[in-house]
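**Student:**
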Amino acid sequence: MILETARVENFKCIDDSTEFTIRSLTGLVGKNESGKTALLNALYRVNPILPNDGPFADTEYPRRRWASYRRRRQKSPDRIVTTVWRLEDADVATLTGALGPDALASPRVVVTKGYDNQLRWQIDVDERRVVSNLVRNARLDAEDLRSLWSATTVAELTRSLQGIGEPSPAQSALLAEVQQRFAQGSLAEQAVAVLAGRLPRFLYFADYHRLPAEVSIDDLLRRKAADRLTVTDLIFLALLELAHTSPEQLHQIDQFEYLVAELEAASQRITNDVLEYWSQDRSLEVEFRCDAARPHDRPPFNTGYVLRTRIRNRRHNVTLAFDERSSGFIWFFSFLVWLSHLRRDQGHDYVILLDEPGLSLHARAQMDLMRFVREQLLPAYQVIYTTHSPFMIDPGHLDGLRTVEDATTGDQVLGTKVGDRFLSSDPDTTFPIRAALAYDVARRAVVGTQTLLLDRPSDVLYLKWFARELQRQGREHLDPAWSLVPIGGLDSIAPFAALFASDSQKIAVLTDGLMTHPRRLEGLWERGVLQFGRILRPALYIAQEDAQVEDLLGRAIYRELVTGAFDLKESSVLAVDRPADAPARLVAEVESYFASMPPWAPKFDCFAPASYLFENTATLRLALPDLDVALDRFEKLFRDLNSMVAD
1 MILETARVEN FKCIDDSTEF TIRSLTGLVG KNESGKTALL NALYRVNPIL PNDGPFADTE
61 YPRRRWASYR RRRQKSPDRI VTTVWRLEDA DVATLTGALG PDALASPRVV VTKGYDNQLR
121 WQIDVDERRV VSNLVRNARL DAEDLRSLWS ATTVAELTRS LQGIGEPSPA QSALLAEVQQ
181 RFAQGSLAEQ AVAVLAGRLP RFLYFADYHR LPAEVSIDDL LRRKAADRLT VTDLIFLALL
241 ELAHTSPEQL HQIDQFEYLV AELEAASQRI TNDVLEYWSQ DRSLEVEFRC DAARPHDRPP
301 FNTGYVLRTR IRNRRHNVTL AFDERSSGFI WFFSFLVWLS HLRRDQGHDY VILLDEPGLS
361 LHARAQMDLM RFVREQLLPA YQVIYTTHSP FMIDPGHLDG LRTVEDATTG DQVLGTKVGD
421 RFLSSDPDTT FPIRAALAYD VARRAVVGTQ TLLLDRPSDV LYLKWFAREL QRQGREHLDP
481 AWSLVPIGGL DSIAPFAALF ASDSQKIAVL TDGLMTHPRR LEGLWERGVL QFGRILRPAL
541 YIAQEDAQVE DLLGRAIYRE LVTGAFDLKE SSVLAVDRPA DAPARLVAEV ESYFASMPPW
601 APKFDCFAPA SYLFENTATL RLALPDLDVA LDRFEKLFRD LNSMVAD
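All the letters of the sequence shown, read from the start, carry residue numbers 1 to 647 under the working numbering.
(1) Check whether the stretch 73-88 and the stretch 6-17 touch, using three or more Cβ-Cβ pairs below 8 Å as the test.
(2) Which of the three DSSP states is assigned to Val-573 in this structure?
(3) Any Cβ of chain B within less than 8 Å of the Cβ of Gly-554?
(4) Checking the sheet assignment: what are the DSSP bridge partners for Glu-356?
(5) Taking just the CA atoms, how far does Phe-638 sit from Thr-454?
(6) Below 8 Å, how does it come out for the stretch 407-419 and the stretch 368-387: are there three or more Cβ pairs, yes or no?
(7) Just reading off the beta strand (DSSP E) that Asp-406 is part of, what are its end residues?
(8) Can you tell me the Cα-Cα spacing of Gln-249 and Glu-189, whole angstroms?
(9) If we count the other Cβ atoms within 10 Å of its Cβ and call it buried at 16 or more, is Arg-698 buried or exposed?
(10) Tell me, please, which residues DSSP counts as bridged to Asn-313.
(11) Assuming Leu-284 and Ile-311 are in contact, meaning their beta carbons sit under 8 Å apart, how far apart are those beta carbons, in whole angstroms?
(12) Do Ser-24 and Leu-378 have their C-beta atoms within less than 8 Å of each other?
(13) I need the straight-line Cα distance from Thr-153 to Val-192, nearest angstrom please.
(14) Please look up how many angstroms separate the CB atoms of Ala-213 and Ala-321, rounded, as I've assumed it's under 8 Å.
(15) Alpha helix (DSSP H) containing Gln-376: first to last residue?
(16) Among His-477, Glu-4 and Thr-230, which has the Cα closest to the Cα of Tyr-208?
(17) Alpha carbon to alpha carbon, how far is Arg-314 from Gly-304? Give it in angstroms, no decimals.
(18) For Leu-641 and Trp-482, which I take to be in contact (beta-carbon distance under 8 Å), what is that distance rounded to the nearest angstrom?
(19) Below 6 Å CB to CB, which residues in the same chain sit around Phe-205 once its five sequence neighbours on both sides are set aside?
(20) From the DSSP secondary-structure annotation, give me the bridge partner or partners of Leu-536.
(21) Whole angstroms is fine: what's the gap from Pro-299's alpha carbon to Gln-252's?
(22) If you count every other CB in all the chains shown that lies within 10 Å of the CB of Lys-603, and 16 or more means buried, which is it?
(23) DSSP three-state label for Ser-611, please.
(24) Between the alpha carbons of Glu-560 and Ala-623, how many angstroms are there, rounded?
(25) Assuming Pro-107 contacts Leu-87 (C-beta within less than 8 Å), just tell me the rounded distance between them.
(26) Can you give me the start and stop residues for the beta strand (DSSP E) that Lys-31 sits inside?
(27) Straight-line CA distance for His-517 to His-244?
(28) Am I right that Asp-126 and Asp-102 are in contact with their C-beta atoms under 8 Å? What's the rounded C-beta distance?
(29) Can you tell me whether His-296 is buried or exposed, with buried defined as 16 or more other CB within 10 angstroms of its CB?
(30) Alpha carbon to alpha carbon, what distance is there between Thr-96 and Asp-428?
(31) What does the alpha-carbon distance come out to for the pair Leu-568 and Tyr-462?
(32) Rounded to whole angstroms, what is the Cα-Cα separation between Asn-117 and Thr-37?
(33) Classify Trp-66: buried if its beta carbon has 16 or more other beta carbons within 10 angstroms, exposed otherwise.
(34) In whole angstroms, what separates the C-alpha of Ala-226 from that of Val-418?
(35) I need the straight-line Cα distance from Leu-234 to Leu-134, nearest angstrom please.
(36) With which residues is Asp-16 paired in a DSSP beta bridge?
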């Protein structure tokens with residue numbers, strides 16, 4: 001069964017979340033106190049992995065409406081969770097075995113639960129089809145069929161068969177089959193009995209669900225016998241299962257060497273499983289120790305045997321108790337152990353609910369966590385998680401994101417709302433999504449091994465345009481290995497490289513500026529990311545010391561672009577001959593001209609002329625003055641850049 005939609009009402013801060021769709025991976029993104037945890041808590045109660053966690057309490061009803069609800073809560077308890085499930089082929093096959101083929105009018109069923117703590121099903125059963133199949137399979141002759149034609153329900157069919165005075169053997173056999181197959185109530189109740197055991201269980205995992213550092217084996221066995229296991233107990237049992245042992249087996253081992261061999265084998269197996277997805281520190285390994293309890297230790301660790309989990313750091317050759325490691329590692333280890341256990345459990349389906357997973361993890365570890373979810377969980381399970389971290393958002397799968405916010409309209413409190421088709425417009429709510437997209441755009445810009453850093457976005461357009469024109473003429477153009485990235489000047493090189501560049505990348509720079517703190521580049525020289533001679537200036541390709549990329553175009557071309565971009569039909573901008581008092585740079589001269597224009601005149605920005613060049617290529621290619629001179633300058637620039645590709 002696949003969960004398709006959910007809706008939560010009348011629970012804690014939620015009046016009505018509205019219905020929202022569920023994907024294989026669904027992320028609930030919202031601010032603190034927006035109601036994300038309440039949504040997961042409500043979903044978990046539908047069919048929790050620990051049955052004792054299932055009941056809703058009246059005290060969880062929204063307080064601002066409690067007074068009116070209190071008077072009717074006994075007679076008319078409110079609904080809390082509504083879930084819509086799509087039946088898979090195996091579910092339909094099981095139902096077909098009980099009710100016959102084509103028994104369902106729809107492959108979707110609705111499961112709800114409220115403050116009466118009863119699971120209620122809505123299943124659209126085609127009872128007429130079921131009756132038709134029963135009668136058809138009974139192989140009755142025409143005479144036997146005559147009295148059954150009007151039956152459209154199982155109850156009517158049963159009454160018709162019972163009312164026959166002298167039934168034929170085929171009619172008697174049909175009556176016996178109907179009474180046997182549908183003895184448990186109505187057809188819908190029969191369908192519920194079949195599907196109830198196939199409803200996926202919900203597993204809720206939060207920051208406080210962590211593997212204990214030490215466990216009393218005797219005390220664990222007592223809780224297990226009394227059916228009083230907690231989530232942390234289940235995580236510990238999952239750990240032993242991954243080690244191919246159990247508390248009963250540990251309790252029975254009476255030979256020291258055999259016990260040591262079992263624990264060492266378990267340690268190696270667990271270490272390999274965990275470190276596959278923990279990239280923060282590869283020098284760690286898991287160790288287990290099973291010792292006799294000391295009588296003066298605190299209960300229950302003062303009797304029987306105690307299993308302790310320790311983490312060895314091979315780099316420092318020291319071991320620490322598991323709970324003395326970083327909180328991020330403890331959570332990650334516990335999470336992987338628990339979910340690795342689920343992957344080995346082939347007998348049940350699960351919907352996994354993760355409340356702020358990786359909250360204490362470094363950004364890279366959060367990415368490792370998402371990699372584990374995609375590679376190990378999504379093929380088999382649906383995962384719903386809450387977050388406000390951009391590193392827990394996959395920009396390639398934004399269709400699975402749902403925004404969560406505590407909404408208001410004026411002075412009216414609406415409670416928690418989930419955005420489905422339309423994400424929230426609240427900038428604070430959507431900030432993690434925007435940050436994830438911004439990081440992804442920046443990362444994709446530097447995926448090439450050769451990255452050319454430029455001052456402004458307009459520089460990218462000019463280089464692309466002239467590279468294309470040179471290629472059309474069969475001349476040397478910019479090698480496609482270059483990724484062009486505008487970063488805003490030399491001072492931004494070091495921060496950019498620290499955030500995005502890898503040691504396998506080679507960076508070159510084309511800039512017209514100077515660096516305020518030259519020592520900032522020293523780390524890039526040492527890493528080999530930026531080499532000497534790979535910082536170029538436009539002044540190298542034109543007889544002008546203080547030049548920009550626009551100056552490589554030449555005065556005549558840039559005048560055409562500025563005039564066309566800003567529709568200056570009779571403009572005196574950039575006179576044919578440069579005035580004696582004009583700035584050296586063309587852009588500075590144009591900026592000075594626009595500054596002298598009336599307030600209603602257009603405002604200048606250096607991107608507009610570059611955009612105009614791209615948008616009117618076919619016309620300008622034939623009309624731009626002195627184009628050959630500009631092409632020669634850019635060809636020299638591209639020749640120097642291309643010589644770096646093979647370095």
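C-beta atoms are modelled at their ideal positions from N, C-alpha and C, and glycine is treated no differently.
**Tutor:** In brief:
(1) A contact exists between the stretch 73-88 and the stretch 6-17.
(2) DSSP places Val-573 in the coil class of the three-state scheme, outside both helix and strand.
(3) Here chain B cannot be found, since the structure has a single protein chain.
(4) Residue pairing by DSSP places Glu-356 in no beta bridge whatsoever.
(5) A small fix is needed here, since residue 454 is Leu in this sequence, not Thr. Approximately 14 Å, taken between the alpha carbons.
(6) By the Cβ criterion, the stretch 407-419 is not in contact with the stretch 368-387, since fewer than three pairs of Cβ atoms, one from each stretch, lie closer than 8 Å.
(7) Note, Asp-406: beta strand (DSSP E), 401-409.
(8) The alpha-carbon separation between Gln-249 and Glu-189 amounts to approximately 43 Å.
(9) Because the chain in this structure spans residues 1 to 647, residue 698 falls outside the shown range and cannot be described.
(10) Under DSSP, Asn-313 shares a beta bridge with Leu-284 and Val-318.
(11) Between Leu-284 and Ile-311, the beta carbon gap of about 6 Å places them in contact (Cβ cut-off 8 Å).
(12) Yes.
(13) Thr-153 and Val-192 have their alpha carbons spaced roughly 17 Å apart.
(14) In this structure Ala-213 is in contact with Ala-321, their Cβ atoms being roughly 5 Å apart against a cut-off of 8 Å.
(15) Segment: none, Gln-376 is in no alpha helix (DSSP H) and carries neither H nor E.
(16) The candidate whose alpha carbon is nearest that of Tyr-208 is Thr-230.
(17) Taking the straight line from one Cα to the other gives about 31 Å.
(18) With a beta-carbon spacing of about 7 Å, Leu-641 and Trp-482 fall inside the 8 Å limit used to define contacts.
(19) Here the set comprises Leu-354.
(20) Per DSSP, the beta-bridge partners of Leu-536 are Leu-510.
(21) About 21 Å.
(22) By the 10 Å Cβ count, Lys-603 comes out exposed.
(23) Under the three-state reduction of DSSP output, Ser-611 falls in the helix class.
(24) Distance between the alpha carbons of Glu-560 and Ala-623 is about 9 Å.
(25) About 5 Å; that satisfies the 8 Å criterion.
(26) Run containing Lys-31: none; DSSP gives neither H nor E here.
(27) With a pLDDT of only 49 at His-517, under 50, the local geometry of the prediction cannot be trusted, and the value read off the model is given with reservation. Distance between the alpha carbons of His-517 and His-244: 59 Å.
(28) Indeed, because the Cβ distance is near 7 Å, the residues count as touching under 8 Å.
(29) Under this definition His-296 is an exposed residue.
(30) One C-alpha to the other measures close to 50 Å.
(31) Cα-Cα distance, rounded: 21 Å.
(32) Here the alpha carbon of Asn-117 sits roughly 20 Å from the alpha carbon of Thr-37.
(33) Exposed: under 16 other Cβ atoms inside 10 Å.
(34) So the two alpha carbons sit approximately 40 Å from each other.
(35) Spanning the two alpha carbons is a distance of roughly 46 Å.
(36) DSSP lists Glu-9 as partners of Asp-16.
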